[in-house]
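Okay, so here's the structure we're looking at.
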Amino acid sequence: MTDRWALAPAEDGGAEVAPLGRDGLPAGPVRREPDLAEAVRGRPDVTRWVWRSTAEVYPRLLAAGLRVERCYDIEDAETLLLGHEGRYGEPRSAAAALARLRGGPVPPDPPQRSAEPGAQSTLFEPQAVRLPLEDLLAVYAEQQRRHERAEHPDRMRLLTAAESAGTLVAAEMNRAGLPWRADLHRGVLHELLGERYAGGGEPRRLAELADEVSAAFGHRVRPDLPADVIKAFARAGIKVRSTRRWEIQSIDHPAVKPLLEYKKLYRIRVAHGWSWLQDWVREGRFRPEFLAGGTVTGRWVTHGGGALQIPRVIRRAVVADPGWRLVVADADQMEPRVLAAISRDPGLMEVAGRETDLYQSVSDRAFSGDRAQAKLAVLGAVYGQTSGDGLKNLAALRRRFPKAVAYVDEAARAGEEGRLVRTWLGRTCPPPAGRREDAAEEAGLPQDDPAVPPAADGGTPAADGWLPGYASTDSRARGRFARNFVVQGSAADWALLLLAALRRTCRDMAAELVFFQHDEVIVHCPKEEADTVVEAIRQAAELAGRLTFGETPVRFPFTTAVVECYADAK
144 MTDRWALAPA EDGGAEVAPL GRDGLPAGPV RREPDLAEAV RGRPDVTRWV WRSTAEVYPR
204 LLAAGLRVER CYDIEDAETL LLGHEGRYGE PRSAAAALAR LRGGPVPPDP PQRSAEPGAQ
264 STLFEPQAVR LPLEDLLAVY AEQQRRHERA EHPDRMRLLT AAESAGTLVA AEMNRAGLPW
324 RADLHRGVLH ELLGERYAGG GEPRRLAELA DEVSAAFGHR VRPDLPADVI KAFARAGIKV
384 RSTRRWEIQS IDHPAVKPLL EYKKLYRIRV AHGWSWLQDW VREGRFRPEF LAGGTVTGRW
444 VTHGGGALQI PRVIRRAVVA DPGWRLVVAD ADQMEPRVLA AISRDPGLME VAGRETDLYQ
504 SVSDRAFSGD RAQAKLAVLG AVYGQTSGDG LKNLAALRRR FPKAVAYVDE AARAGEEGRL
564 VRTWLGRTCP PPAGRREDAA EEAGLPQDDP AVPPAADGGT PAADGWLPGY ASTDSRARGR
624 FARNFVVQGS AADWALLLLA ALRRTCRDMA AELVFFQHDE VIVHCPKEEA DTVVEAIRQA
684 AELAGRLTFG ETPVRFPFTT AVVECYADAK
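Every letter in the sequence shown is one number past the one before it in this note's numbering, and letter 278, counting from 1, is 421.
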């Protein structure tokens, strides 16, 4: 009896299923089941399901009250494998993978849909092509062979397993939703913005601030139009290039104060105002549709609703259910801890293994106790600040932690030269536009391989505005991105394993994961389970550190708060 099965949904609501051996090959005949949910319910001993896409299958299973222990998402694995092979940007659907395997024309991926408030559909459904189970299994078997050809096969297998686990967590969070009190949200909006006027006009407070801005300039100005504001400053003899806070806040002009207040409140009205509340909150829950691995670094995104940028004041509406609590956990100083683990720098690992504040420990080693300067130096090394004070700070950091700085320096050089740059587990930074053939050669692929598109294909798509320039042909921009990628991407890999471990611990509890962004996780649980959840997060962080980076002295602690309201966590 095998505990691993493959599953392919059918158009009529049924499914094809088949047992798999440890080698990934079928261990029995393909069977036709009339109902997908019952096919899974009837096999409770299965611990891992192999399917085309978690987004296609798992929401239906959750709606039927079913939860699976593990899965293998073929299309997510295809994305990672293509990237590792220097083929980032090629179609990643199972149908495309099958066409490549069989030497046929490769179909493009279906276009992504636009965000739909309140919807829980998926990015590639229902347009995605369904394949018979036998074809899916052919793709799956080839993927197992491709794992063996990876630079570090064991790490690559762990990465694809972790990414698949992330898709399960994302689907479960989408179904659970973040607890949200619409009445409190409306109260916050009224407090900040004032009454709403009929006809869709600006609320009272914004209208007042707009009048103050205009009065300060001496003529009518639309503060919601940057071009209007820039023109008004020019008429006042002040040249500004934008209306960003950092550029205008130091200007000595009476319009600045009301303008900055207007911009802050305007953003709240647009991003999390009354229309947002109506569109995105249903039955006391905000469900933004989390998408695991939505950026090239592996960071998560949401498919709408601005969930990863909830203003602190709006967090007052995020309130646990009666008798429940929110366990809000923030990873402490994640970037330097990850850098210590991946660089194997003895000094930085020792510092990152202490109970004390990491930046303070670094400052004691290299910056005469100046914590702020130490933090700037560490983050400057990660983000590529190598001019002015950044260059001086980097030199001091290099003297004390040479292997750590050398690690990101080498990543930057590789990025500048168009070489492949990988996270610790094997997630690969996309090659620069126009350098696909070079990347393929480095990955061990023939330059005339038909699976490697020509440079004229336009390169890779932008990563939702985060860390721009990864597809840039500018070598310095590529270097800065690659320097950051090896740290941020490895942190994202670690976070996946953290979520997987935490999900496993919470499976027999009422607790539910409801929110995740980069270095923060929120668990909604009965107050009686709160202490258990806090300990589970600590243990999950330790386990994720060992699984991701091996045995190192580096610790990954969390600052954890047990609160009724999200706004009280910080």
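Just so you know, even glycine gets a beta-carbon here, dropped at the ideal spot from N, CA and C.
Since the model is a prediction, treat every value here as computed from it, not as a measurement.
Does the beta-carbon of residue i have 16 or more other beta-carbons within 10 angstroms, so that it is buried, or is it exposed?
i, result
"V413", "exposed"
"D188", "exposed"
"E277", "exposed"
"K518", "buried"
"Q516", "buried"
"A483", "buried"
"E345", "buried"
"D219", "buried"
"H362", "exposed"
"E159", "buried"
"S393", "exposed"
"Y340", "exposed"
"A586", "Confidence in A586 is poor, its pLDDT being 38 and thus under 50, which makes the residue's placement too unreliable to answer from."
"P152", "buried"
Mapping DSSP to helix, strand and coil, what is residue i?
i, result
"P177", "coil"
"H667", "strand"
"L168", "coil"
"L469", "strand"
"F429", "strand"
"E212", "coil"
"L563", "coil"
"A474", "strand"
"Q392", "coil"
"R191", "strand"
"Q682", "helix"
"E655", "strand"
"T675", "helix"
"T145", "coil"
"F360", "helix"
"T197", "helix"
"T303", "helix"
"T695", "coil"
"A557", "helix"
"V372", "helix"
Give me the Cα-Cα distance between residue i and residue j, rounded to the nearest whole angstrom.
i, j, result
"Y202", "L209", "A small correction: the amino acid at residue 202 is Pro; Tyr does not occupy that position in the sequence shown. Distance between the alpha carbons of P202 and L209: 9 Å."
"G601", "P573", "Unreliable placement is indicated for G601, whose pLDDT of 27 sits below 50; the coordinate value is still reported in the next sentence. In a straight line, the C-alpha of G601 is about 13 Å away from that of P573."
"V505", "H667", "35 Å"
"G416", "V444", "21 Å"
"Q283", "T303", "For clarity, residue 283 is Tyr in the given sequence; the question names Gln instead. If I take the Cα positions, the gap works out to 12 Å."
"A712", "L205", "30 Å"
"R428", "S196", "25 Å"
"T222", "V564", "16 Å"
"R570", "R298", "10 Å"
"R579", "E655", "Annotation note: pLDDT 41 at R579 (below 50); position unreliable, no value reported."
"D146", "R213", "11 Å"
"F510", "P479", "16 Å"
"W567", "P545", "19 Å"
"Y215", "L540", "41 Å"
"D617", "E559", "8 Å"
"D367", "Y409", "8 Å"
"R184", "G171", "19 Å"
"Q660", "G380", "43 Å"
"R300", "L639", "13 Å"
"A606", "G490", "Note that A606 scores a pLDDT of 30, beneath 50, so its modelled location is shaky and nothing firm can be said."
"A350", "S357", "11 Å"
"E338", "L332", "9 Å"
"A463", "N317", "17 Å"
"A370", "V705", "45 Å"
"V399", "I391", "7 Å"
"G157", "R245", "27 Å"
"D662", "E233", "30 Å"
Have a look at the DSSP bridge pairing and note the partners of residue i.
i, result
"C708", "V462"
"V160", "L150 and R174"
"P322", "R428"
"V444", "L434"
"Q660", "E663"
"T702", "D473"
"T499", "DSSP output for T499 lists no bridge partner at all."
"T571", "R565"
*At a cut of 8 Å, does the segment 673 to 682 reach the segment 484 to 500 through at least three beta carbon pairs?*
No, the segment 673 to 682 does not touch the segment 484 to 500.
*Count the C-beta pairs between the segment 540 to 558 and the segment 622 to 634 that are closer than 8 Å, then say yes if the count reaches three, no if not.*
Touching, yes.
*Within the chosen definition, does the segment 327 to 338 reach the segment 465 to 476 through at least 3 CB pairs nearer than 8 Å?*
In short, these stretches do not touch, since the Cβ pair count stays below three.
*Mind the definition here: the segment 432 to 446 touches the segment 309 to 320 only if three or more C-beta pairs lie below 8 Å; say whether that holds.*
The segment 432 to 446, when compared against the segment 309 to 320, does touch it at the 8 Å Cβ threshold.
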